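Notes for the one structure printed next.
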Ligand code: GLU
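Here it is in structure tokens:
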């Protein structure tokens, strides 16, 4: 077979030689140990926790080493492409403070542009042509039907599926056969002519997993599809080389493709970048551990965190806790320091599955939100509400003073200890709802309606908004005593049978009447914030409530 002639037939015309691209995309001028990392999502519109996990690692490694993090869009699969997906990726990552130095829609140093694979078609074709000319790639005319029949046969025979060895039918077509098919205008793909032997294993140093054994590849994978667009495998090898990536941290679902990638880099004559395969995020599901699933676990999608209003730093703190074994200890010692000061190391990344626990994240969220000032909380909630809140919630910010007082109370600002009641913005906004909206539903009272009505009526008779907290409470006690409730807890505890209940039960009734809830921060302050008229209306409504 005259490979050069075949290459010319398949890719007519002049294509630049490799040296041209080597010069066009020169090695980066960076300090000696600087790492060039990237995020290379496909624009499918679904960006998930796994992407963030890898993004944080790549970002930390690049920036701590004085290197570069760039964004490349792997849009070779037209079928999976979704409009607006690139903006969604950038926005989702921006929320977690992942900033790229260059890339699609970001710009930056144009030397390594374009960052959309579809705009790089010529480079892939130039290298595909070269591989055909070298006899290292060939056209394959097998139809979808033939390939799926092959897959079925292999599956039935319990063989490895794919296009390889004796199954690679078009690999050994004669020159006449190839030209006859081309003349007949049959569609074709370009496949790599693999030279590997899977019986042979080689040692490979994975930046995350350490030393692993990787078999050689023998699959004649497709490098260019019938529409001339490359596959991920081929495109990523060329791009990572010419974008001068030094370290690829990616999900471990790609580990199985590593043999292919090693062969591709070698065949193309490119040095292999370092790879680190990050372990998958697992979830405890009853007795078993399984991978987080798009269908079952809403928390897999990054959209979930923005919609719920997780405080970005909290998610980042949790991700770092999972990513680097000594982060938690460092953070305990340095709770106020910027996360960027933690010395993130690839070598400290977990080598096997990591358990993702939403309860743990929620605890971290509560603690992170409790560190914010009233001003920061106000700004955070406002921003979230503007995008995701209801119209009623947007209205709360129109009563700014009330909002601030409500936040200060709910966060325990000025108190002995900060409260940790807020998990997310959406939950916080529901939490403070009763300051702005009268209760439509109330938690059940633990007394008869007659009893509740009598107590609330007595309270209204003595209620004076000018009373300070002590006087107010003394009045609540007096109301309690007048209705057979113990005014002092200790008296009630000493002889519960002697009373209808205690002052705590009376306070709970008031609380439910005013807020609809049995548990809230300090009731006197809530009443002060609401004002006399509102308190009287609510207590009135609370009486008629069964
Ligand atoms: N386009 C691949 C993905 O979306 C990127 C894999 C890689 O990082 O190499 O998963």
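Numbering (our numbering), first residue to last: 373 to 918.
Every residue gets a Cβ at the ideal spot worked out from N, C-alpha and C, and that includes glycine.
This one's a predicted model, so the numbers in the text were calculated from it and none came from an experiment.
Q | Cβ neighbour criterion (16 or more within 10 Å) applied to residue 431 | A | buried
Q | Cβ pair count under 8 Å reaching 3, the segment 494 to 507 against the segment 400 to 420 | A | no
(Q) Given the structure, does residue 398 come close to the ligand GLU, in the sense that its CB is under 6 Å from one of the ligand's heavy atoms? (A) no
(Q) Using a Cβ-Cβ cutoff of less than 7 Å, which residues in the same chain neighbour residue 575 once the five nearest sequence positions on both sides are dropped? (A) 583, 585
**Q.** Alpha-carbon spacing of residue 852 relative to residue 846, whole angstroms
**A.** 10 Å
Q. Among all the DSSP beta bridges, which residues are the ones paired with residue 673?
A. 420
Q: Tell me whether residue 624 is buried or exposed, calling it buried when 16 or more other Cβ atoms sit within 10 Å of its Cβ.
A: buried
Q. Under 6 Å from any heavy atom of the ligand GLU, does the C-beta of residue 608 make it?
A. yes
Q. To which residues of the same chain is residue 607 closer than 8 Å at the C-beta, ignoring the five residues directly before and after it?
A. 446, 448, 489, 492, 496
Q | Residue interval of the beta strand (DSSP E) (run including residue 373) | A | No beta strand (DSSP E) contains residue 373, which DSSP labels as neither H nor E.
Q: Alpha carbon to alpha carbon, how far is residue 474 from residue 407? Give it in angstroms, no decimals.
A: 14 Å
**Q.** 6 Å Cβ shell around residue 676 - same chain, five flanking residues per side excluded
**A.** 670
**Q.** Reference residue 562, options 597, 579, 537, closest by Cα
**A.** 597
Q. Using CA coordinates, which residue listed in 799, 426, 455 is at the minimum distance from residue 443?
A. 426
Q.
Can you give me the C-alpha to C-alpha distance between residue 553 and residue 513, rounded to a whole angstrom?
A. 8 Å
Q. Run through DSSP, which three-state label would residue 874 get?
A. strand
Q. Around the ligand GLU, which residues pass a check of Cβ closer than 5 Å to any of its heavy atoms?
A. 412, 413, 414, 446, 622
Q | CB-CB length for residue 639 against residue 564, believed under 8 Å | A | 7 Å
Q | residue 590 to residue 528 span [Cα, whole Å] | A | 20 Å
Q: Give every residue of the same chain whose Cβ lies closer than 7 Å to the Cβ of residue 989, excluding the five residues on either side of it in the sequence, and list them in chain order.
A: Residue 989 cannot be examined here, being either before or after the span of the chain that is shown, 373 to 918.
Q) Roughly how many angstroms separate the alpha carbons of residue 837 and residue 906, rounded to a whole number? A) 11 Å
Q. Roughly how many angstroms separate the alpha carbons of residue 779 and residue 458, rounded to a whole number?
A. 36 Å
Q: Look up residue 466 in the DSSP assignment and say whether it is helix, strand or coil.
A: helix
Q) Out of curiosity, what's the CA-to-CA distance linking residue 798 and residue 757? A) 8 Å
Q: Check residue 785 in the structure and name its three-state DSSP category.
A: coil
Q. Just how far apart, CA to CA, sit residue 388 and residue 498?
A. 7 Å
Q: Look up residue 405 in the DSSP assignment and say whether it is helix, strand or coil.
A: coil
Q) Counting pairs of beta carbons, one from the segment 716 to 732 and one from the segment 767 to 774, are three or more of them closer than 8 Å? A) no
Q. Contact between the segment 826 to 835 and the segment 778 to 793: three or more CB pairs below 8 Å?
A. no
Q: Give me the Cα-Cα distance between residue 888 and residue 857, rounded to the nearest whole angstrom.
A: 22 Å
Q: Specify, as a first and last residue, the run of the beta strand (DSSP E) that residue 594 falls within.
A: 594 to 596
Q: Report, in whole angstroms, the separation of the C-beta atoms of residue 566 and residue 536, which I expect to be a contact under 8 Å.
A: 7 Å
**Q.** For residue 575, the three-state DSSP class (helix, strand or coil)
**A.** strand
Q: With residue 656 as the anchor, note down where its beta strand (DSSP E) starts and where it stops.
A: 653 to 657
Q) In this structure, what does DSSP give as the bridge partners for residue 620? A) 647
Q | Boundaries (first-last residue) of the beta strand (DSSP E) holding residue 663 | A | 660 to 663
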